[in-house]
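Peer 1:
In the numbering used here, the protein residues as written are 23 to 631.
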């Protein structure tokens with residue numbers, strides 16, 4: 023640990039220069055967009071964009087030349103969807119939504135298919151001469167290059183490990199891991215286009231409907247290939263209190279069909295109907311599954327033109343505002359997201375997290391553990407949610423339809439929080455593992471609202487207070503065994519990382535040798551066959567089977583004789599032999615007492631007479 027402190031100044035300057043190089047300032051500045059500005063900017067980009075299926079990226083110049091007739095094209099991204107064969111798509115962004123609408127309006131239906139024609143931003147570019155005869159296009163200005171080619175492809179595991187192996191130290195490894203695995207700009211655009219398609223599908227009947235992305239797609243903690251979480255609202259009410267003082271309120275009021283059932287059952291019926299619409303009409307939507315009996319009813323589906331899994335809900339506003347909180351935390355300090363990515367990757371390699379729901383810890387719970395760790399440091403890097411709530415003003419008020427208060431300060435500058443913590447990423451990573459290896463999960467709960475451990479209110483194996491619904495436990499699903507596994511794995515990781523940090527500086531003249539071996543995070547991510555400590559306290563293997571102690575099986579027929587029991591240590595053998603001798607003695611005494619009792623019984627005495 024002393025070597026970490028001695029190396030701190032050099033490493034802190036390293037990550038600062040790296041973050042500045044990547045365009046990330048040291049602290050969140052007033053010039054950076056807040057969450058609502060971030061959402062609004064990408065929603066506008068989606069309204070200005072279309073996705074066109076092409077034969078290959080070589081079709082882009084012809085597509086660009088054709089679509090330039092509708093307006094100015096600001097940029098284009100190419101990506102592939104790999105099924106039986108690679109399908110190629112180009113995402114075009116126009117200067118205005120009207121220009122994109124003109125391109126969509128110029129589309130025609132496919133007469134070769136019998137499906138219902140639907141207007142959407144997903145089209146395909148057929149060969150010249152197909153359908154109606156069109157005039158020959160003249161080449162316009164030089165075609166700008168594609169901003170990305172195969173932009174949604176995730177980096178191969180071997181390539182990523184090679185990059186980490188060639189890094190200068192653990193600090194750079196953490197930053198490279200974050201840079202090459204986080205959700206890129208094209209991935210964000212694709213997810214907002216999926217939301218826009220849902221929103222436009224019901225815009226005729228519900229002109230104020232909103233399909234809002236939330237979760238890892240927008241909070242800055244998403245990785246390449248992550249699912250899209252959507253919340254669909256039929257009106258523009260997202261829980262914000264708006265002024266009811268209107269100068270001249272209209273005297274014309276819409277007739278509204280009253281809901282006679284309770285809110286939950288009505289939401290389930292709405293979602294069932296909406297699931298049918300998604301399945302029957304929306305291009306690209308397939309494998310629609312309705313999970314309506316969950317605490318938050320959702321519709322799951324796959325979008326084949328975006329290669330994207332989508333979870334759609336209608337009553338999860340707290341998830342939307344939790345995404346805003348995490349986005350703000352990520353913007354406050356450039357160390358927050360890289361640290362979280364490294365810890366998530368470590369948990370994945372250890373088998374602590376799992377893509378399917380179950381008794382293991384989720385990525386969201388793991389992220390909460392990281393945020394809490396950064397709050398409780400001697401020099402905190404993040405403020406508490408309680409402090410954000412106290413600094414809230416009238417414009418920050420958010421209350422869901424269920425009465426859940428999601429009010430907190432949206433302007434961090436008003437809070438006046440400044441972190442003086444100068445720890446490097448490698449120091450923080452080691453401190454995270456050391457902190458949770460000693461945390462009392464049995465008796466203490468984790469509260470991001472207070473920024474300190476609280477008494478656990480129930481007997482859950484792990485208790486993380488839901489930051490917005492504080493009566494709920496985020497980690498209620500985690501079993502006792504998985505909680506113990508977490509504690510053991512963080513202890514093992516602390517041991518591994520401490521030895522790795524000691525040798526973090528690459529010696530001169532050994533660069534080639536360093537590149538050919540695993541070191542730093544690579545050793546942390548490796549899950550060896552024999553762990554330092556195995557979580558066997560709940561499922562201890564027996565030293566010897568009880569049947570082997572007392573049953574002497576003779577060799578009969580085809581059955582071979584039972585082999586002699588072998589013991590791993592002399593002390594165990596002596597203990598077993600003493601237990602066997604004591605047991606035989608007790609059995610002999612029991613048989614003797616039983617026979618004497620039978621002899622002296624009244625029935626036996628009468629029979630003897």
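Ideal Cβ positions, reconstructed from N, Cα and C, are used throughout, including at glycine.
Are the segment 107 to 121 and the segment 277 to 288 touching by the rule of at least three beta carbon pairs closer than 8 angstroms?
Peer 2: With the cut-off at 8 angstroms, the segment 107 to 121 and the segment 277 to 288 do not touch.
Peer 1: From the DSSP output, in three-state form, read off residue 292 for me.
Peer 2: Residue mapping note: residue 292 aligns to position 270 of the chain shown, counting from 1. Of the three classes helix, strand and coil, the one that applies to residue 292 here is helix, per DSSP.
Peer 1: Rounded to whole angstroms, what's the CA-CA distance from residue 466 to residue 505? Just pull it up for me.
Peer 2: Indexing the chain shown from 1 puts residue 466 at position 444. Indexing the chain shown from 1 puts residue 505 at position 483. In a straight line, the C-alpha of residue 466 is about 13 angstroms away from that of residue 505.
Peer 1: Assign residue 64 to one of three DSSP states: helix, strand, or coil.
Peer 2: Counting from one through the chain shown, the residue named residue 64 turns up at place 42. DSSP places residue 64 in helix when its eight states are reduced to three.
Peer 1: Excluding the five sequence neighbours on either side, which residues of its own chain have a C-beta within less than 8 angstroms of the C-beta of residue 406, listed in chain order?
Peer 2: Numbered from 1 along the chain shown, position 384 holds the residue referred to as residue 406. Taken in chain order, the residues that qualify are 397, 470, 471, 472, 473.
Peer 1: State buried or exposed for residue 555, treating a residue as buried only when at least 16 other CB atoms are found within 10 Å of its CB.
Peer 2: In the chain shown, counting from the first residue as 1, residue 555 sits at position 533. Note that residue 555 has pLDDT 43, beneath the 50 cutoff, so the model's placement of it is unreliable and the number below is only indicative. Residue 555 should be labelled exposed.
Peer 1: Inspect the beta-carbon positions of residue 336 and residue 289 and report whether they are closer than 8 angstroms.
Peer 2: Here residue 336 is taken as the residue at index 314 of the chain shown, counted from 1. Here residue 289 is taken as the residue at index 267 of the chain shown, counted from 1. Contact: yes.
Peer 1: Which residue from 324, 436, 57 puts its Cα closest to that of residue 240?
Peer 2: Numbered from 1 along the chain shown, position 218 holds the residue referred to as residue 240. With distances taken between Cα atoms, residue 240 lies closest to 57.
Peer 1: So, using beta-carbon positions, are residue 641 and residue 200 closer together than 8 angstroms?
Peer 2: This structure leaves residue 641 out entirely; the chain is present only between 23 and 631.
Peer 1: Please state the DSSP three-state secondary structure of residue 615.
Peer 2: Taking the first residue of the chain shown as position 1, residue 615 is located at position 593. Helix at residue 615.
Peer 1: For residue 548 and residue 512, I'd like the C-alpha separation in whole angstroms.
Peer 2: Within the chain shown, numbered from 1, the residue matching residue 548 stands at position 526. Within the chain shown, numbered from 1, the residue matching residue 512 stands at position 490. Approximately 14 angstroms, taken between the alpha carbons.
Peer 1: Report the rounded CA-to-CA distance for residue 613 versus residue 460, giving the unit in angstroms.
Peer 2: Residue numbering aside, residue 613 sits at position 591 when the chain shown is read from its first letter. Residue numbering aside, residue 460 sits at position 438 when the chain shown is read from its first letter. Their Cα atoms are separated by approximately 53 angstroms.
Peer 1: Am I right that residue 340 and residue 248 are in contact with their C-beta atoms under 8 angstroms? What's the rounded C-beta distance?
Peer 2: By 1-based counting over the chain shown, the position of residue 340 is 318. By 1-based counting over the chain shown, the position of residue 248 is 226. The pair is not a contact, with the Cβ atoms about 20 angstroms apart (cut-off 8 angstroms).
Peer 1: Strictly by DSSP, which residues pair up with residue 398?
Peer 2: As a working mapping, residue 398 is identified with position 376 in the chain shown. None, per the DSSP bridge assignment.
Peer 1: Restricting to runs no shorter than 4 residues, where is the alpha helix (DSSP H) found entirely within the segment 346 to 401?
Peer 2: As far as the segment 346 to 401 is concerned, its whole alpha helix (DSSP H) runs of at least 4 residues are 358 to 372, 385 to 397.
Peer 1: Residue 479: buried (16+ other C-beta within 10 angstroms of its C-beta) or exposed?
Peer 2: Within the chain shown, the letter at position 457 stands for residue 479. Exposed is the call here.
Peer 1: So, using beta-carbon positions, are residue 252 and residue 333 closer together than 8 angstroms?
Peer 2: Stepping through the chain shown from its first residue, residue 252 is reached at position 230. Stepping through the chain shown from its first residue, residue 333 is reached at position 311. A contact, by the Cβ cut-off of 8 angstroms.
Peer 1: Candidates 317, 304, 315, 338: which alpha carbon is nearest residue 323's?
Peer 2: Your numbering for residue 323 matches position 301 in the chain shown. With distances taken between Cα atoms, residue 323 lies closest to 304.
Peer 1: Between which two residues does the beta strand (DSSP E) holding residue 102 run?
Peer 2: The residue given as residue 102 occupies position 80 in the chain shown. Element bounds for residue 102: 95 to 104.
Peer 1: Is residue 541 helix, strand or coil by DSSP?
Peer 2: The sequence position of residue 541 within the chain shown is 519, counting from 1. Coil.
Peer 1: Starting from residue 220, follow the alpha helix (DSSP H) in both directions and report where the run begins and ends.
Peer 2: Position 198 of the chain shown holds residue 220. Counting along the chain, the alpha helix (DSSP H) containing residue 220 begins and ends at 207 to 223.
Peer 1: Is residue 483 closer than 8 angstroms to residue 496 when the C-beta atoms are compared?
Peer 2: Looking up residue 496 in the chain shown gives position 474. Looking up residue 483 in the chain shown gives position 461. Against a cut-off of 8 angstroms, the Cβ pair of residue 483 and residue 496 comes out as no contact.
Peer 1: Let me confirm a value: residue 191 is counted as buried when at least 16 other C-beta atoms fall within 10 Å, else exposed. Which label applies?
Peer 2: Residue 191 sits at position 169 when you count from the first residue of the chain shown. The residue is buried, with at least 16 neighbouring Cβ atoms inside 10 Å.
Peer 1: Given a cut-off of 8 angstroms, decide if residue 236 and residue 345 are closer than it, judged by their beta-carbon atoms.
Peer 2: The residue labelled residue 345 in the question sits at position 323 within the chain shown. The residue labelled residue 236 in the question sits at position 214 within the chain shown. Contact: yes.
Peer 1: Give the secondary structure of residue 89 by DSSP, where H, G and I count as helix, E and B as strand, and everything else as coil.
Peer 2: Taking the chain shown and counting its residues from 1, the one referred to as residue 89 is at position 67. It is helical.
Peer 1: Evaluate residue 130 with the Cβ neighbour count: other Cβ atoms within 10 Å of its Cβ, from every protein chain shown; 16 or more gives buried, anything less gives exposed.
Peer 2: Locating residue 130 in the chain shown gives position 108, counting from the first residue. Counting Cβ neighbours within 10 Å, residue 130 comes out exposed, since fewer than 16 surround it.
Peer 1: What distance in whole Å lies between the Cβ atoms of residue 306 and residue 327, which are believed to be in contact at a cut-off of 8 angstroms?
Peer 2: Taking the first residue of the chain shown as position 1, residue 327 is located at position 305. Taking the first residue of the chain shown as position 1, residue 306 is located at position 284. Residue 327 to residue 306, Cβ: 4 angstroms. Contact.
Peer 1: Out of curiosity, what's the CA-to-CA distance linking residue 148 and residue 108?
Peer 2: Position 126 of the chain shown, counted from the start, is the residue given in the question as residue 148. Position 86 of the chain shown, counted from the start, is the residue given in the question as residue 108. Their Cα atoms are separated by approximately 17 angstroms.
Peer 1: Should residue 319 be labelled buried (16 or more other beta-carbon atoms within 10 Å of its own) or exposed?
Peer 2: By one-based count along the chain shown, residue 319 stands at place 297. Per the 10 Å Cβ criterion, buried.
Peer 1: Could you tell me the alpha carbon to alpha carbon distance between residue 357 and residue 390, rounded to whole angstroms?
Peer 2: On the chain shown, position 335 is the one that residue 357 refers to. On the chain shown, position 368 is the one that residue 390 refers to. About 15 angstroms.
Peer 1: Let me know if residue 293 comes out buried or exposed under the rule of 16 or more other beta-carbons within 10 Å of its beta-carbon.
Peer 2: Sequence index remark: in the chain shown, residue 293 carries index 271 (1-based). With 16 or more Cβ atoms within 10 Å of its Cβ, residue 293 is classed as buried.
Peer 1: State the Cα-Cα distance for the pair residue 302 and residue 540, rounded to the nearest angstrom.
Peer 2: On the chain shown, position 280 is the one that residue 302 refers to. On the chain shown, position 518 is the one that residue 540 refers to. Straight-line Cα distance between these residues: approximately 51 angstroms.
Peer 1: Is it buried or exposed, residue 415, if we count other Cβ atoms within 10 angstroms and call 16 or more buried?
Peer 2: By one-based count along the chain shown, residue 415 stands at place 393. Under this definition residue 415 is an exposed residue.
Peer 1: Using a threshold of 8 angstroms, state whether the C-beta atoms of residue 520 and residue 452 are closer than that.
Peer 2: Taking the chain shown and counting its residues from 1, the one referred to as residue 520 is at position 498. Taking the chain shown and counting its residues from 1, the one referred to as residue 452 is at position 430. Yes, they are a contact pair.
Peer 1: For residue 514, does the three-state DSSP call read helix, strand or coil?
Peer 2: Indexing the chain shown from 1 puts residue 514 at position 492. Residue state, collapsed to three classes: helix.
Peer 1: Ordered along the chain, which non-local residues of its own chain (more than five positions away) have a Cβ less than 8 angstroms from that of residue 375?
Peer 2: Position 353 of the chain shown, counted from the first residue, corresponds to residue 375. The residues are 366, 369, 382, 383, 384, 385, 388.
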